[in-house]
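First comes the structure, then the notes that go with it.
This is the structure we're talking about:
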C-alpha cells in the first residue's frame, strides 16, 4: 500500500514537472518574451557577469548590482529594444528580402539550370544503360543460342560416334569371323598339302617299285600284256579307270591313288 502511494506521488511530480517544462518552452517561443530577455541581457551584461563570476559574497553582489542598475537599464531600454525588434525588424527584413529577391531568383535559376543539366545527364546515362542492357540481352541470347547449338552438335557427334563404334564393332566381328575362316582354310590347305605330300611319296614309291619290277622281269615289261588276278589285262584296266596318264609318266595322283596302291599290291603278289 505504501509503495502504491509512493508511486502515485512520483507520477504526480512527474506530470507537474512535464507541465512546467512545456509551459516554459511555449513562453520561450514567444517572440516578445525572447526579445525582452535578449535585450535585458544586452543592457545588463555587467551585472550578470559580476553575479556569476565574482568571488564576493552575496551582500556585496547585491550592493554592486543595486548601485550600477537604473530603471532605464532594467526596464526602459529593454522595452524600447523589444518595440524596435518586434515592430521595426520585420520591415527591415522585408526590405532586405526585396533587395535579395533578384539575386535569389538568379541563384534559383542557376540551381534549376544545374538540376536540369544533372537530370539530362542522368537521362542520357539511363538511356546508355538501357542500350547496354539491350545489347547485353542480345549478346546473352546469341551466346545461349550458340551454346544450345554446340550442345546439339555434341549430342549429334556422340550419336554419330555411337553409330561409328557399333559399325566398327560389327566390322571387327566380321574381321574376326574372316580371320577364323582364313585360319580354317589355312588348316585345310595344310592338311591337303600334307595329303598331297603323302600321295607324292606313295607315287614315287610305286614308281620305284614299278621300275624295279621292269628290271626284275624284263619279259613282262610291257604293261599292256600284264594280266590281273581276274583275267583282265592292265591295258584294259587302265582304259577302264582312265589311267592313260600312267603310260606317259604323268598320273593323276588325287583321283588314282587307290588304283596305284592296288597295283603296288599286285606287284607284291607277283613277287611272292
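In the working numbering, the protein residues as written are 179 to 450.
Using N, Cα and C, we set each Cβ at its ideal position, and we do this for glycine too.
All figures in this text were calculated on a predicted structure; none of them were measured in a lab.
Residue burial classification, residue i (beta-carbon count within 10 angstroms, cutoff 16)
i           : result
residue 395 : exposed
residue 279 : exposed
residue 314 : exposed
residue 384 : buried
residue 448 : With a pLDDT of only 45 at residue 448, under the threshold of 50, the placement of this residue in the model should not be trusted; the figure read from the coordinates follows. By the 10 Å Cβ count, residue 448 comes out exposed.
Per-residue DSSP class, three states only, for residue i
i           : result
residue 193 : helix
residue 373 : helix
residue 255 : helix
residue 423 : Confidence in residue 423 is poor, its pLDDT being 46 and thus under 50, which makes the residue's placement too unreliable to answer from.
residue 232 : coil
residue 395 : coil
residue 378 : helix
residue 247 : coil
residue 337 : helix
residue 222 : coil
8 Å contact criterion, which residue i and residue j should meet: CB distance rounded
i           : j           : result
residue 242 : residue 255 : At roughly 19 Å, the Cβ-Cβ gap does not stay under 8 Å, so residue 242 and residue 255 are not in contact.
residue 263 : residue 213 : 4 Å
residue 225 : residue 246 : 6 Å
residue 260 : residue 217 : 6 Å
Distance cut-off 6 Å: residue i Cβ against heavy atoms of the ligand ZN
i           : result
residue 229 : Here there are no bound small molecules, and the ligand ZN is not part of this structure.
Top-ranked residue by Cα proximity to residue i, from the options
i           : options       : result
residue 248 : 389, 390, 222 : 222
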